[in-house]
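Participant: Please find one structure pasted underneath; my questions will follow.
2 protein chains.
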Amino acid sequence: MTKSLHSVSYASLLDILVAARHHKGLTQQVVADKLRKPQSYVAKIEGGERRLDILEFVALAKAMDIDPMTLFADVLRGIKKET
Amino acid sequence: MTKSLHSVSYASLLDILVAARHHKGLTQQVVADKLRKPQSYVAKIEGGERRLDILEFVALAKAMDIDPMTLFADVLRGIKKET
DNA sequence: TTCGGATTATCCCATAATGGGATATAGTTG
DNA sequence: CAACTATATCCCATTATGGGATAATCCGAA
Chain U
1099 MTKSLHSVSY ASLLDILVAA RHHKGLTQQV VADKLRKPQS YVAKIEGGER RLDILEFVAL
1159 AKAMDIDPMT LFADVLRGIK KET
Chain V
1099 MTKSLHSVSY ASLLDILVAA RHHKGLTQQV VADKLRKPQS YVAKIEGGER RLDILEFVAL
1159 AKAMDIDPMT LFADVLRGIK KET
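Chains U and V supply the protein sequences, listed in that same order.
Using the numbering used here, the first residue of the first sequence is number 1099, and each one after it goes up by one.
Using the numbering used here, the first residue of the second sequence is number 1099, and each one after it goes up by one.
Right under this line is the structure:
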């Protein structure tokens, strides 16, 4: 684990993303396929190895069959709790 | 204008960010100051020269005194219209 | 129109982030 | 342990970013 997150909030964001995927019972591979990206793409995002921009966030939510707005709300709640 | 946007949706996102700032009557410098970043940081974001991750998006919204959720909703509407 | 200040866009380029196939690890199940 | 399945890492050529300096635009006043 050589990787360090950008911030506490960022860690919270990642936790939420992973939890959401697990909640849906999806694997990184399945999500990656929907996004037409390699599994390492999802792994890196969830591991804080790669950042997500807004549109990618929306795409990721959709790939997980989650409403972007709902996921964003979760993220906001998460980062408020931390920090 | 050597720069090309990543996608149509991205252009829409940028339009929304700029419009929001103008609506609030703020300059890039003022927003940048609140974020403790140079003016070029904001200029690059708005020019599609630099991408915004989720947390930066939230920070930017707050710097413009806009509710992140509201701004995100605007973005979602914007990218649906396009594409 | 022209001038000058305010605002925004570009330059430069060393440094850091990313893409993605291959491979190593960790986790599960029998 | 064996055999899978799922996730994390490697590697490293490409591409993106940081930010001070400077150029280019905008815009209202005279």
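Where a beta carbon is used, it is the ideal one built from N, C-alpha and C, also for glycine.
Model, not experiment: these values are computed from the prediction.
Would the segment 1109-1117 of chain U count as touching the segment 1164-1178 of chain U if we require 3 or more Cβ pairs under 8 Å?
Facilitator: Yes, the segment 1109-1117 of chain U is in contact with the segment 1164-1178 of chain U.
Participant: Can you tell me the Cα-Cα spacing of V:Leu1158 and U:Val1140, whole angstroms?
Facilitator: About 25 Å.
Participant: Is it the case that the Cβ atoms of V:Met1162 and V:Leu1124 are separated by a distance below 7 Å?
Facilitator: Going by C-beta atoms, V:Met1162 is nearer than 7 Å to V:Leu1124.
Participant: Please confirm if U:Ile1114 has its CB atom under 7 Å from at least one CB of chain V.
Facilitator: No - not a single Cβ of chain V is within 7 Å of the one on U:Ile1114.
Participant: Determine the extent of the alpha helix (DSSP H) in which V:Pro1166 is found, giving its start and end residues.
Facilitator: Element bounds for V:Pro1166: 1166-1179.
Participant: Does U:Asp1163 come out as helix, strand or coil in the three-state DSSP assignment?
Facilitator: The answer is coil: DSSP assigns U:Asp1163 none of H, G, I, E or B.
Participant: Between the Cα of V:Ser1110 and those of V:Phe1155, V:Lys1142, V:Asp1151, V:Gly1146, spot the shortest distance and give me the residue it belongs to.
Facilitator: Of the listed residues, the one whose Cα sits closest to V:Ser1110 is V:Gly1146.
Participant: May I ask which residues mark the beginning and end of the alpha helix (DSSP H) holding U:Lys1122?
Facilitator: It is not in any alpha helix (DSSP H) - U:Lys1122 carries neither H nor E in the DSSP assignment.
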